[in-house]
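Order-wise, the sequence lines are chains B and D.
The first sequence begins at 429 in the numbering used here and counts up one residue at a time.
The second sequence begins at 163 in the numbering used here and counts up one residue at a time.
Positions of the beta carbon are idealized from the N, C-alpha and C atoms, including for glycine.
Read through the structure below, which is laid out as structure tokens, and then see the notes.
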Amino acid sequence: MLKNYIKTAWRNLWKGRVFNLLNLVGLAVAIACCTLIFLTVFYEFTYDRFHTKLDNIYQIYTVSNRAEGAEVTSSVPEPLTPALKAEYPAVKYMTRSADAGALIKYGNKELDENLHFVDEDFLKMFTFPLIEGNKNNVLSGLNNVVITQATAKALFGEEPALNKTVLLNINNVQQPFIVSGILEDISRHSSIEFDLLVRFEHYPNYAANINAWENRTHIAMIEFNNGYDPASFTSQLTPFVKKHFAPSIEILKKDGAKPNEKGDIFWLDIAPFSNNHFATNLGGVEGNPVNKTYPVSLIVIGCFILIIACINFINLSVARGFTRSREVGVRKTLGASKGQLLIQFWIETIMVCLASMVVGLLLCMALINQFKAIFKSRISLSMLLDPVTLFGIIILFLLVTAIAGFYPALMMVRYKTVAVLKGNTASTKPGKLRNTLLVVQFSLSTLLIICTIITWQQINYLQNKPLGYNKTEVLSIPVSGGLIGEKALKLMRNELKNHAEVASVTGAYMNMGRGNDGSSRSSILGFNFGDKEIRTHIQRVDYDYLKTLDIKLLEGREFNPDFAGDSTAVIINETMARQLGTKNVLGSFVPMYDSVAKVQVVGIVKDYNFRSLHEDIAPLTLTMDKHYEINYIFVKVKPGNLVASYDAIKKSWNRQYPNTEFEGSWINENTERQYLNERRLSGIFVSGAVIAIVISCIGLLAISIMIVLQRTKEIGIRKVLGSSVGGIVLLLSMDFVKLVLLASVIAFPIAWWLMNNWLQSFAYRITIQWWVFALATLLAILLAFITISFQSVKAALANPVKSLRSE
Amino acid sequence: MIKITNLEKFYRTEEVETVALNKLNIEINRGEFVAIMGPSGCGKSTLLNILGLLDDPDGGSYLFNDIEVAQFNERKRADLRKHNIGFVFQSFNLIDELTVFENVELPLIYTGVSATERKERVEEVLSKMQIMHRRNHYPQQLSGGQQQRVAIARAVVNKPKLILADEPTGNLDSSNGNEVMELLTDLNEQGTTIIMVTHSEHDARYSHRIIRLLDGHTVVENIMM
């Protein structure tokens, strides 16, 4: 029986190969897209899952209920961890964590590696398996260093690494360390990534901050005792907070902070570490948390594509069904039961789905590298073999065949035997379901087109908006790897002095945008001025900062080596000046460090966007205060040959620092990097829209083929009666154009709502314009019209005698 | 074998109701060969469809082997049909995607006959219809006469008690048509009841009895000698 079914199924599929190929291509494309999409989403949602105690690990953070809203910070003060461990027995393990670049040296070999400062509990909490060394005491020695296998191999080659002494250059101090453990390389699927681990005591300024509750310098994670319910932990912390954070609370109060409904101005809270990959409010563990909207929109688009493909499948199968009504009639006459016919048609569906699946996966393999490049994804096809994914795929497959196969099969089985044997195959009804499905398809497609246009407009706007400084001709060089910024700046200044293409050189604490080093810094300072608290971003700069970046000076002057007092002078931006609020800000003295020594405002610059355009321009103070390091060197070159200038500067750098990689990048590259997420989203929308439209049009094409078949006689009669070719094309297309129009109208409010919400995340944004909707509709209608034309023109041009005779 | 009493069938569109069968009474005995004749639209095909349990009447009674089947549901009708009735159509209605062998095998599949028995019975009937040499051909590769022979083979393979033929020679030339009529006569002589709708007086002469229909009721019955 089954063999018979498969045999007839195969022959039927072959006979309707044009239809079935369209069907197969549509479904295969959809399957390929969905596989890539769902793998990506799966990847994003399974971050850090390798930690066996994941569900019991929490990150601690602070909340300040400021007048302008609650401010969440994941940075905590140094004494917090020992105090919590001592005072709360529920805390089983707790570790501080901070990172820095460091040079590790063994013999002649020197490597620039990612170093983490952690407490001893770190390796007891997180599942980073040791290959060599003892888990219980691997970090018990103050001068122990734990290294990854890759580092061990790079540094020691085949030589055993355990118990070797290496030299670590941390914050420009070189110290000997003993390799006490070697870890398996860290999965790229981890929020915590490092090459070296040392005790937190080595963290710069550790001793100075040991009792400083007001200096927040690092993050901290807690593991609770088994069986402890962490839900009550936060409320238990209230006395702890009152005891240790009293000065901070006082300052907040003065600043106008209001108690929340529980009466707290400042409190500690915990967030599950398992969610840290999406914790954009906490800034993630290592920075770069992923906004959940990104995987969620991926899921939504994946579902859209799948729905559109299923709709196609249904419409195409129903259409095909008409041509097979006679067969159904004959089979029924010969005694086939409904069940037998249902199974027969369902087997055909399964065969098409299986073939689509195979083609889809092949397509997936062919596209995966491009996909990974475009979406910065780290997925691999081997993830398909994961039991969860495999199970998901099987479920999805069954679901698709059930939805896409069952309805058409049911339709066919329901044909009236007598009618179909007489040759009345064409159903006279316009097919409410078919029209509804078409509307759904085109609604989704139009929605995606609108999203594409709007995200594209916004990104374009972000890229082209003047930021108030020169971003095209300024190169930003991260000073990393334990180089002293000050010294590096001096060396580079000297080195570049004689380069004709270099206009000026300066250094700064914060970068502009996000550089090749991938890190972002900001420093906020609060102080009392008159009767209010002033909060300002601090940017440590060097001479020629304004000149190098072409920042417009409104009043006063730039820092100048000729003025001896400039090391304690500041330049502020307009917003800061407004916040200070006094007349004659220029030249006035401000108590920035709450100390006796006030600093003088020597210049006011025009506001410029020193942060990404997600955020407004905040108060900013430029200072030469040597407490802040120089982390970036900015070099302005003369316009003209930027490539040659880049190479020349790189060469100079390599002459000075042969062991340290040159990571310089143009500032406009850096600012673009701030919108990576947006670009990624826009990429998703574009691909989604293109695929949705293509699959929808394949479906429309097949339906138009069927409609033309059904209406051949009508077309013949109309032509005989004198209708023009144009008239017939219009007649055949109008029905569909109306549906597409309806679909667009349905998509408008949804698209507007979605994109308006998305735009709210930008301080600087475009307004949604009506013509975007018009354009999207026009595009959808045009595509639909062209698709239908293939068939309608052919039908209209056909000789009517032929179609009438065949009846 | 068949007894219909006051059988009625209407076709309705939104505005018009057409009477296809108007209180029709017919009785057909086992082993008879009956021809049904009449002008277009007189209800011949409607009658044949109801007799073949492909369609249900709107009124009256239909006794098949003394069982009232007028109110049977689709499943019961399908069951009765596949075990008792074979169909021969004017347009053959062979399935193009299946070979001669597979077309004939189809009713046996639906009645659940085992594969070995199917092969035996299909080959037997194909030999009888002298079409065995074409067993692996597809319908389009055959002449009209051959196609109709396959269709008859398919109709009889299940050894039905009744064969309903709707203008079986309508699409054939006269020599092929005669061949088909000879086949039907042979089957009838072996005991199968045959009811045939036809326009052709020539074909009707093969039957025992002609029922002439006009506007949905019997006008005259001729007994052939």
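7 Å Cβ shell around residue i - same chain, five flanking residues per side excluded
i          : result
Gly248(D)  : Ala317, Val318, Asn320, Pro322, Ile325
Ile1133(B) : Gln1219
Glu1235(B) : Residue confidence for Glu1235(B) is low, a pLDDT of 36 falling below 50, so the modelled location carries little weight; the figure read from the coordinates is stated next. Excluding sequence neighbours, Glu1235(B) sits near Lys1141.
Arg1107(B) : Ile887
Where residue i sits in the DSSP three-state scheme
i          : result
His927(B)  : coil
Asn542(B)  : strand
Trp1094(B) : strand
Pro1228(B) : helix
Thr856(B)  : Note that Thr856(B) scores a pLDDT of 45, beneath 50, so its modelled location is shaky and nothing firm can be said.
Pro517(B)  : coil
Arg921(B)  : helix
Glu1100(B) : helix
Val780(B)  : helix
Phe1218(B) : helix
Met938(B)  : coil
Ser1152(B) : coil
Ile1297(B) : Beyond the ends of chain B as shown, which are 429 and 1235, falls residue 1297(B); an answer cannot be given.
Gln1188(B) : coil
Thr1010(B) : coil
Gln602(B)  : strand
Phe554(B)  : coil
Gly189(D)  : Reading the sequence as shown, one finds Glu at residue 189(D) and not Gly. DSSP places Glu189(D) in strand when its eight states are reduced to three.
Arg1039(B) : coil
Glu1235(B) : Annotation note: pLDDT 36 at Glu1235(B) (below 50); position unreliable, no value reported.
One or two residues paired with residue i in a DSSP bridge
i          : result
Phe226(D)  : Ile164(D), Ile229(D)
His965(B)  : Ile952(B), Leu1048(B)
Glu560(B)  : Ile610(B)
Ser904(B)  : Phe1062(B), Ser1093(B)
Met358(D)  : Ala197(D), Ala327(D)
Leu625(B)  : His544(B), Val574(B)
Gly1031(B) : Gly984(B), Ile999(B)
Tyr173(D)  : Thr180(D)
Leu375(D)  : Thr380(D)
Lys537(B)  : Tyr534(B)
Met649(B)  : Gln487(B), Thr523(B)
Contact set for residue i: own chain, Cβ-Cβ below 6 Å, skip 5 residues either direction
i          : result
Pro1228(B) : Gly1144, Lys1147, Val1148
Asn653(B)  : Ala518, Lys520
Ala578(B)  : Asp613
Val382(D)  : Arg374
Phe550(B)  : Thr523
Trp438(B)  : none
Ile1111(B) : The sequence shown places Gly at residue 1111(B), not Ile. Around Gly1111(B): Ile802.
Gly1092(B) : Leu903, Ile905
Residue environment, residue i, which counts as buried when at least 16 other CB atoms sit within 10 Å
i          : result
Lys537(B)  : exposed
Ser1152(B) : exposed
Gln869(B)  : buried
Lys1064(B) : buried
Thr1010(B) : exposed
Ser745(B)  : buried
Ser276(D)  : exposed
Phe251(D)  : buried
His646(B)  : buried
Gln885(B)  : buried
Nonlocal neighbours in the same chain, by C-beta distance under 8 Å from residue i, ignoring five residues either side
i          : result
His705(B)  : Glu472, Tyr475, Asp476, Ser619, Gly712, Pro717, Val718
Lys244(D)  : Pro269, Tyr272, Thr273, Asn320
Ser1080(B) : Met920, Glu923, Leu924, His927
Phe694(B)  : Thr490, Val491, Ser492, Asn493, Val669, Phe673, Ser676, Ile677, Leu680, Ala685
beta-carbon residue i near the ligand FAD non-hydrogen atom, thresh 7 Å
i         : result
Asp549(B) : Inclusion of the ligand FAD in the displayed structure is not the case, the ligand content being empty and no account of it being possible.
Quick check for students: name the residue ranges of the alpha helix (DSSP H) that lie wholly in the segment 661 to 702 of chain B, counting only runs of 4 or more. 661 to 664, 666 to 672, 674 to 682
May I have a chain-ordered list of the alpha helix (DSSP H) segments no shorter than 4 residues that lie completely inside the segment 238 to 306 of chain D? Segments of the alpha helix (DSSP H) lying fully in the segment 238 to 306 of chain D: 262 to 272, 277 to 290.
Can you list the alpha helix (DSSP H) stretches of 4 or more residues lying completely in the segment 456 to 535 of chain B, in chain order? 508 to 515
Please go through the segment 712 to 743 of chain B and give each complete beta strand (DSSP E) segment of 3 or more residues, from N-terminal end onward. None, since the segment 712 to 743 of chain B contains no complete beta strand (DSSP E) of that length.
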